[in-house]
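In what follows, a single structure is set out as structure tokens and then discussed.
Numbering (the working numbering), first residue to last: 3 to 47.
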């Protein structure tokens, strides 16, 4: 799924499954975005 420029600011994604680091890297988020423990916040957030 294409996540380019998807707004994930302040979203709680902790229960997400099949979410990839590439999708997260393409999206827009912030420090309020909560990710599953297997993923990390990109630098541009």
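Yeah, the Cβ is synthetic: ideal placement off N, Cα and C, and Gly gets one too.
Just so it is clear, the structure is predicted and the values come from calculations on it, not from any experiment.
| Asked | Found |
| --- | --- |
| Residues sharing a beta bridge with residue 22, DSSP | According to DSSP, which records beta bridges pairwise, residue 22 is partnered with nothing at all. |
| Integer Cβ distance of residue 45 from residue 30, believed to fall under 8 Å | No, residue 45 and residue 30 are not in contact; Cβ-Cβ is about 13 Å, not under 8 Å. |
| Buried versus exposed call for residue 35 [16 or more other C-beta atoms within 10 Å across all chains shown] | buried |
| Same chain, Cβ closer than 7 Å to residue 14, five either side skipped, listed in chain order | 36 |
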